[in-house]
Structures are given as C-alpha cells and as structure tokens.
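A quick write-up on the structure given underneath.
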Amino acid sequence: MRAQPITNFIKHHFRHFNAAALVEAAEAYRRHLDSGGKMLVTLAGAMSTAELGLSLAEMIRQDKVHAISCTGANLEEDVFNLVAHDFYERIPHYRDLTPQDEKALLERHLNRVTDTCIPEGEAMRRIESFILEEWMASDARGERLFPHEFFWRILDNPRLQANYQIDPKDSWLLAAKEKQLPMFVPGWEDSTLGNMYAGHCISGDVRHVHTVRTGIEYMIELANWYTETSATASIGFFQIGGGIAGDFPICVVPMLHQDLRRENVPVWGYFCQISDSTTSYGSYSGAVPNEKITWGKLGVETPKFIIESDASIVAPLMFACILGW
16 MRAQPITNFI KHHFRHFNAA ALVEAAEAYR RHLDSGGKML VTLAGAMSTA
66 ELGLSLAEMI RQDKVHAISC TGANLEEDVF NLVAHDFYER IPHYRDLTPQ
116 DEKALLERHL NRVTDTCIPE GEAMRRIESF ILEEWMASDA RGERLFPHEF
166 FWRILDNPRL QANYQIDPKD SWLLAAKEKQ LPMFVPGWED STLGNMYAGH
216 CISGDVRHVH TVRTGIEYMI ELANWYTETS ATASIGFFQI GGGIAGDFPI
266 CVVPMLHQDL RRENVPVWGY FCQISDSTTS YGSYSGAVPN EKITWGKLGV
316 ETPKFIIESD ASIVAPLMFA CILGW
C-alpha cells in the first residue's frame with residue numbers, strides 16, 4: 016500500500032505525546048492485521064452522530080474491522096443520519112445556550128448532542144414507523160431477532176431507501192450489513208428505540224418482550240464468535256470511548272476462562288483505547304490498560320496503547336493511517 020498525503024503528514028508531524036501514541040497504535044493495528052489477526056472495534060459516545068461512518072465504513076469494506084460492539088445509540092444514530100441528515104441542525108455556540116434556549120430546542124423537537132441536534136420527527140419517528148412494522152411482524156410469527164438484525168431488515172426496505180439523504184457508502188451500518196459483520200449491542204435498552212420498544216410492549220403492540228433478543232444472548236453469540244475466530248487468528252480490541260460498548264465485549268475472555276473453566280483461552284492480541292476520561296477512583300473508561308491484566312483480559316506481552324484525546328478527531332486520523340489515505 017502506497018502512503019498518501021494524510022498518512023505522510025501524520026507520520027511527519029505527529030512525533031510526541033498523544034500524537035505519537037496515535038501513530039504507534041495505528042502502525043501496530045496494521046501489523047496485527049498483516050500478521051493474520053482480526054480486529055473488534057467498539058463504539059461508545061455519539062460516534063455515529065459525529066459521522067464516523069465517513070471513515071469507519073471504508074475500514075469495514077476493506078476488511079480492517081471484523082466485528083463491532085456498539086451502544087444502542089450508535090446503532091440507531093447512524094440510520095437517523097442516513098435518512099434525516101438534511102434536517103439536522105448544528106449549534107456551534109452550544110456552550111452559550113441558556114436553559115430557555117434549550118427548552119426552545121425541545122419545543123422544536125430537536126434533541127441536542129453537544130453541537131448537533133437530531134430532529135425527532137424526521138429521524139426518530141421515521142425510523143420508529145419502519146422498525147415497528149418489523150417488530151410486530153416478527154412478534155406475530157414468534158420470531159426473535161437481535162436489535163441490529165431488525166435494523167438490517169429495514170435497510171432492505173425500498174421505502175426507507177427512498178429517504179436516504181447521504182451517500183450510502185458513508186453509513187457504517189450499511190457497510191456492516193453488506194459484510195454481514197458480527198455485531199454486538201450490549202444494553203440496547205438504553206437507547207431511543209429501546210425506549211420506544213418498551214413503550215410498544217406496554218401498549219400491547221408487541222406482545223412478547225423477548226421478540227428483541229437480549230444482551231445475555233449477545234454475550235453467548237460473542238463467546239461463540241471469539242472461540243471460533245481465536246482458534247485460527249489473534250483478535251485485537253480497538254476501543255473508542257469507554258462504557259458498556261467496551262467493557263461488555265472485553266469481558267468475554269475471562270468469562271470463557273474463569274466462568275466456563277476453559278483452558279488455553281487466548282487473551283486479546285492488541286489493545287488500543289481512545290478516551291478523554293482521566294484515570295480516577297474506580298473509573299473503567301479511565302483505567303490504564305495494564306489494569307486489565309489483573310482481570311485476565313490482556314497479557315503482559317499484548318501491545319497496549321491509550322490515546323487521551325477526542326475520539327472524533329483521533330479515530331478518523333487513525334483510520335486514515337491504517338487505510339493509507
């Protein structure tokens with residue numbers, strides 16, 4: 016692969032501190048893949064609203080990502096952006112908003128995520144109408160699917176496709192669907208559509224609460240994927256942010272070893288976290304990678320990196336280096 020201008024710029028100028036850690040982590044990521052390794056990427060925060068799909072989708076298409084663990088918010092917000100991008104409003108002066116300003120946004124049905132407002136009607140309610148059809152149809156058939164599988168179904172709907180407002184190649188979830196990428200969405204209940212699903216269960220539109228499969232079932236799927244994949248390849252762990260998107264999947268290794276009493280379970284073969292969380296008392300997101308050794312998640316020899324910076328800046332730059340842009 017011939018390095019292009021972005022990669023050359025980064026390698027020339029990013030020489031120290033977090034900048035150097037970015038380069039070292041990106042180079043180690045590529046070495047991991049070049050040696051036959053696989054990579055699981057985790058998405059916390061609001062990476063989909065930050066439009067990380069502009070680079071992550073290409074990482075998926077070029078087989079630089081082999082599985083994804085994400086929050087329910089990141090799962091749904093990629094699709095919100097896909098169908099309602101033109102209705103989003105950016106608030107560059109968000110730090111100056113008064114409580115009255117925030118209430119005015121609410122009255123306009125604009126839900127703010129830092130500097131970006133997601134339009135309730137054009138995004139959330141539009142997707143609700145499509146996915147409710149699938150929830151109810153599966154419920155009537157006695158069929159159970161994971162949250163991401165319901166999203167993949169609506170992405171096949173021509174009526175939804177007619178509403179796309181961005182280039183589909185910039186949707187990471189569409190890229191994941193096309194690759195049939197293994198997906199794990201822990202804590203999906205903590206999302207806008209998770210709340211809507213609960214509401215439709217309460218109202219009786221969905222009769223069986225387990226029509227959408229659960230987080231425990233996701234862990235079982237993850238355990239099966241990790242066991243099968245690690246039999247022939249080292250699996251790396253690239254964590255964007257912290258929280259459940261990262262803590263849930265990384266625990267599969269000690270679960271297999273300590274809870275199932277399996278021998279010779281490989282630890283994660285690469286670890287990198289992009290985080291702006293500081294190390295403090297009991298913080299998972301701010302924990303240094305070596306702490307994970309004590310939990311049986313990483314080994315002494317595992318390449319470990321932490322980049323203490325804004326993921327919306329760092330992740331696209333790392334992906335650019337890995338892709339050779």
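First residue of the sequence shown: 16, per our numbering; consecutive thereafter. Each residue gets a CB set at the ideal place from its N, CA and C atoms; glycine is no exception. Quantities reported herein were computed from a predicted structural model and do not represent experimental measurements.
In this structure, the beta-carbon distance from Ile25 to Glu92 does not fall below 9 Å. Going by beta carbons, Gly87 and Pro162 fall inside the 9 Å limit. Annotation: the continuous alpha helix (DSSP H) that includes Thr242 extends over 230-245. The residues Glu149, in chain order, have a CB closer than 7 Å to that of Arg168 in the same chain once the five nearest residues on each side in sequence are set aside. Cβ atoms of Phe165 and Val227 come within 8 Å of each other, at about 7 Å. Nearest C-alpha to Pro269 among Leu237, Ser292, Thr247: Leu237. Taking the CA atoms as reference points, Arg277 sits about 12 Å from Val267.
In this structure, DSSP gives Thr64 a state outside helix and strand, which the three-state scheme calls coil. Taking 9 Å as the cut-off, the Cβ atoms of Trp240 and Ile21 do not count as close. In the structure shown, Pro134 falls within a strand segment according to DSSP collapsed to helix, strand and coil. Each residue's CA atom was taken as its position, placing Glu316 and Trp283 some 10 Å apart. At a Cβ-Cβ threshold of 9 Å, Gly256 and Thr57 count as neighbours. From the listed residues Asp130, Ser292, His100, the smallest Cα separation to Asp111 is found for Asp130.
By the neighbour-count criterion, in which a residue is buried when 16 or more other Cβ atoms sit within 10 angstroms of its Cβ, His31 is exposed. Going by DSSP, Thr317 is part of no alpha helix (DSSP H) at all; its letter is neither H nor E. Following the DSSP letters along the chain, one finds Asn279 in no beta strand (DSSP E), marked with neither H nor E. Leu275 is classed as exposed because its beta carbon has fewer than 16 other beta carbons within 10 Å across all chains shown. DSSP places Asn23 in the uninterrupted alpha helix (DSSP H) bounded by 20-28. With distances taken between CA atoms, Cys216 lies nearest to Met151 out of Glu158, Met151, Gln273. Note on Val94: 16 or more other CB atoms within 10 angstroms of its CB, so buried under the neighbour-count rule. Listed in chain order, the non-local C-beta contacts of Lys307 below 6 Å within the same chain comprise Leu313, local neighbours out to five positions each way being set aside.
A straight-line Cα-Cα distance of about 43 Å links Arg141 and Thr247. Residue state for Phe199 is assigned as strand, using DSSP reduced to three classes. Rounded to whole angstroms, the separation of the alpha carbons of Glu104 and Pro281 is 46 Å.
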